[in-house]
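Before any comments, here is the structure.
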Amino acid sequence: MSDIKFVVNSQYCRNSSLVKYGSDFCFVINGHRFYTTQSHAVVVSETVRNMLITDNSAQEININIDTDINNKESFNKALNIFCKFVQEGYVSENIDIETSEIIYDLGVLLKNEDFISQYKFIISSTIISESNIESFIRYSLKTCDFDKTCSFIASHISFLGPSKLCLLFESVYHSVASSYFNENIDDIFIDFISNILSNEHVFVYNEDDICDFVISFIKTFSPLLSFSSSFSETSKTSNTSNTSNTSKFDKLIEFIRFEFCTNETISHFINFYSSFINSFNQEMKTGNKSYDNIQNENEIFTHLFETLMLSSNDNINNNNHKKPNNLIKFQQQMKI
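Shown next as structure tokens:
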């Protein structure tokens, strides 16, 4: 992976570094100590400035960055860049995406806009490929800048494969969700997936791949994302809130064009959805969801699957075949 030139030339920081005397303040990053003065530290970091406003006797700030154990080289390079910036207020180095991400993390925690903005520049200057797609996904979830990443994934859904994509998403989700970034990471993640499926560059070999992608995503992430947490919350609020917050699943399912799916895929989805409904019923029995919320969810999905039902019936009538058992069961469930 080619390195990109990273330049930070803050005249304010350069001037401050020239007049600093002493070492009455310390940046502690994952145990590594970088000494400077309080007056220079507040120029480097808005976080430090705010801290000293509250307590002007503070002598250090502790920063912990979540780093990949296999990425020590990038972490050490990021520390060297930070050290040089603290000392001189100026940096000109060739860096890769991994180093850029660590510097961005420092920028967010220290509230240093120069460190934050360089991340977007490095990403925009790097050619996206299958080999670095994970780094781009991490960038998108941390910054909510989806365009470049989603366009690439949208045009490679069939090539990469739904299962492989979901495993990749799961790996990135765990690392980002466990960090200090984006407390509303679940909503951001759903928006990210929706942006992929609605992207103008979506290309698949057939509509079945979109359906398989959505199924794989829901199966992988239903235990992780707070898809159903809103049920317990919305039951305490108005009916309008119930309807709007009942589930995040429908937002993804709406992107499936069932009329272009094969009968096999439609049957597979019906089986999947039947299991999904059964899990709802089980949760309702255990008291985790109100009956009204279950009904609202069923109404949403009934509307979403009208196209599926019509498509299935047309195929059955045209081919003079009997309805499959799973379709009959699905119709019976919808009447309950």
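First residue of the sequence shown: 451, per our numbering; consecutive thereafter.
For every residue, glycine included, the Cβ atom is placed at its ideal position computed from N, Cα and C.
Among the options, the one whose alpha carbon lies nearest that of residue i
i: tyrosine 589; options: Ile531, Glu650, His718 and Val622; result: Val622
i: valine 664; options: Phe722, Phe596 and Asn634; result: Phe722
i: lysine 592; options: Phe642, Ser666 and Ser613; result: Phe642
i: aspartate 658; options: Gly557, Phe475 and Glu714; result: Glu714
i: glutamate 510; options: Ser495, Phe535 and Thr517; result: Ser495
i: phenylalanine 586; options: Ile716, Phe619, Met501 and Thr517; result: Phe619
i: threonine 517; options: Ile706, Phe671 and Ser628; result: Ser628
Beta-carbon proximity check, residue i vs residue j, cutoff 9 Å
i: phenylalanine 802; j: cysteine 661; result: Lying before the first or after the last residue shown, residue 802 is absent from the chain, which here runs from 451 to 786.
i: glutamate 580; j: leucine 556; result: no
i: valine 498; j: leucine 560; result: yes
i: serine 605; j: asparagine 649; result: yes
i: methionine 508; j: phenylalanine 475; result: The identity of residue 508 in the sequence shown is alanine, whereas the question assumes methionine. A contact, by the Cβ cut-off of 9 Å.
i: phenylalanine 456; j: glutamine 568; result: yes
i: cysteine 616; j: phenylalanine 532; result: no
i: valine 654; j: serine 608; result: yes
Whole-number beta carbon distance between residue j and residue i, since they are thought to touch under 8 Å
i: asparagine 600; j: asparagine 645; result: Strictly speaking, residue 600 in this sequence is cysteine, with asparagine absent from that position. Their Cβ separation, rounded to whole angstroms, is 4 Å, which keeps cysteine 600 and asparagine 645 in contact under 8 Å.
i: isoleucine 640; j: lysine 598; result: In fact, because the Cβ distance is near 19 Å, the residues do not count as touching under 8 Å.
Start-to-end residues for the alpha helix (DSSP H) that takes in residue i
i: serine 542; result: It is not in any alpha helix (DSSP H) - serine 542 instead sits in the beta strand (DSSP E) that spans 540 to 545.
i: arginine 499; result: 496 to 504
i: arginine 588; result: 583 to 593
i: threonine 599; result: 597 to 604
i: proline 673; result: Premise fails: proline 673 is in no alpha helix (DSSP H) and is neither H nor E.
i: serine 507; result: Premise fails: serine 507 is in no alpha helix (DSSP H) and is neither H nor E.
Residue range of the unbroken beta strand (DSSP E) whose run includes residue i
i: threonine 576; result: Threonine 576 -> no beta strand (DSSP E), and no H or E assigned at all.
i: valine 654; result: Counting along the chain, valine 654 falls outside any beta strand (DSSP E), and DSSP gives it neither H nor E.
i: glutamate 510; result: 510 to 513
i: isoleucine 706; result: Run containing isoleucine 706: none; DSSP gives neither H nor E here.
i: threonine 486; result: 482 to 486
Own chain partners of residue i with C-beta closer than 8 Å, once the 5 adjacent residues on each side are dropped
i: isoleucine 454; result: Asn544, Ile545, Asp546, Ser550, Phe571, Ile572, Ser575 and Thr576
i: serine 679; result: In this prediction, serine 679 has a pLDDT of 44, which is less than 50 and means its spatial position is unreliable; what the coordinates show is noted afterwards. Answer for serine 679: no residue qualifies.
7 Å CB neighbourhood of residue i in its chain, flanking five on each side removed
i: phenylalanine 596; result: Ser590, Phe642 and Asn645
i: phenylalanine 565; result: Ile553, Tyr554, Leu556 and Gly557
i: leucine 502; result: Gln488, Val492 and Ala508
Beta-carbon contacts of residue i that lie in its chain and below 6 Å, excluding the five residues immediately before and after
i: phenylalanine 484; result: Phe477, Cys533 and Val536
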